[in-house]
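Taking it in order: structure first as structure tokens, then the write-up.
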Amino acid sequence: MTTQVRYSVHCRFRCWLAYFDLLGTRKLIRSGKHNQVFRMFSKSIDQAKRRTSSSSTIYPIWFSDTFVFYSLDDTGNSFAWVDQVARWFTYFLICSDIPVRGALSCDDFYADRNNNLYYGPALVEAYEYAEAQDWIGFLLSPSSVLQLDNLGYPASERLDYAYCHVPFKKGRENRIGKLPACILGQWSTINGKNACLDNLADISHMVYALRFSRGS
3 MTTQVRYSVH CRFRCWLAYF DLLGTRKLIR SGKHNQVFRM FSKSIDQAKR
53 RTSSSSTIYP IWFSDTFVFY SLDDTGNSFA WVDQVARWFT YFLICSDIPV
103 RGALSCDDFY ADRNNNLYYG PALVEAYEYA EAQDWIGFLL SPSSVLQLDN
153 LGYPASERLD YAYCHVPFKK GRENRIGKLP ACILGQWSTI NGKNACLDNL
203 ADISHMVYAL RFSRGS
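Heads up, the sequence shown is in the working numbering, so the first residue is 3 and it goes up one at a time.
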């Protein structure tokens, strides 16, 4: 009997993949605020489980402050599922005062759930576009925009997204131009009130404070 991990063609496929990074965790850990870190992680894990519990085709992965959701194919139906999971995940984290940034890609991915082995262009692109952003938000990366075009569902017609000049960190500027960014909370406005945007201003101030604090 061998314990060697073996390559399987069944683990490789094209898919939609949403990557998320929780913001401010390193500053909180360095400042000894472990209870706040645990609260962020536990609430995020709870939301990841809730968002995917009703779907048998969307799978969550998480490690520390990184969360990933991926589908088993690159169809329009799978986009609808991953998109819904990603937007609501973003929404509830922000409403829980947890700053987050993320990106959605569509490309090749190798997922061996039995061995916790994950890699591929889909993960690399989603990671790069999520980590490069200099704001709280969620966007569609170039590969996902291309696949939506191929499916006949252009990103410009997605009601919950709008093309804009997404702010990127210095040295990691986007050279493609405008990208579709999620209009946070657009789908949950009640009587003109957007709970997500109401929390966003307060969270932005918190992230600013964390970024420039000295661990006090």
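Note that beta-carbon positions come from the ideal geometry of N, C-alpha and C, so glycine has one too.
Quick caveat, the model's predicted, so the values are computed rather than measured.
query: On a Cα-Cα basis, can you pick out the residue from M42, Y93, F94 that is closest to I31?; result: M42
query: Once DSSP output is grouped into helix, strand and coil, what is the label at T54?; result: helix
query: Using CA atoms only, rank isn't needed, just tell me which of R16, Q6, T59 is closest to G122.; result: R16
query: Would you mind stating whether A20 and V102 have Cβ atoms separated by less than 7 Å?; result: no
query: Which value, in whole angstroms, describes the spacing of the CA atoms of W90 and I96?; result: 10 Å
query: Go through its chain and collect everything with a Cβ distance to D162's Cβ below 7 Å, but skip five positions before and after it.; result: R89, C184, I185, Q188, W189
query: Expressed to the nearest angstrom, what Euclidean distance is found between the alpha-carbon atoms of R216 and L142?; result: Interpretation of R216 is limited by its pLDDT of 38, a score under 50 that renders its predicted location unreliable; the figure taken from the coordinates is listed afterwards. In a straight line, the C-alpha of R216 is about 34 Å away from that of L142.
query: Among S80, G173, R115, which residue has its Cα nearest to the Cα of H12?; result: R115
query: Could you tell me whether the segment 46 to 54 touches the segment 67 to 78, using the rule of 3 or more Cβ pairs below 8 Å?; result: yes
query: For the candidate residues S56, S98, A113, E175, whose alpha-carbon lies nearest to that of E133?; result: E175
query: Give me the Cα-Cα distance between N118 and G194, rounded to the nearest whole angstrom.; result: 43 Å
query: How long is the line joining the alpha carbons of W137 and S58, rounded to whole angstroms?; result: 32 Å
query: Span of the beta strand (DSSP E) holding T59?; result: It is not in any beta strand (DSSP E) - T59 carries neither H nor E in the DSSP assignment.
query: Report buried or exposed for V168, applying the criterion of at least 16 other Cβ atoms within 10 angstroms of its Cβ.; result: buried
query: State buried or exposed for R8, treating a residue as buried only when at least 16 other CB atoms are found within 10 Å of its CB.; result: exposed
query: Between K171 and the rest of its own chain, which residues show a CB-CB distance below 7 Å, the 5 nearest in sequence each way excluded?; result: A134, D136
query: Three-state secondary structure (DSSP) at D23?; result: strand
query: How many angstroms separate the CA atom of E127 from the CA atom of T92?; result: 19 Å
query: Assuming the contact rule is C-beta atoms closer than 8 Å, P182 and Y165 should be a hit. Round their C-beta distance to whole Å, please.; result: 5 Å
query: I need the straight-line Cα distance from S80 to W18, nearest angstrom please.; result: 7 Å
query: Return the residue from the list S56, P62, R28 that minimises the CA-CA distance to Y120.; result: P62
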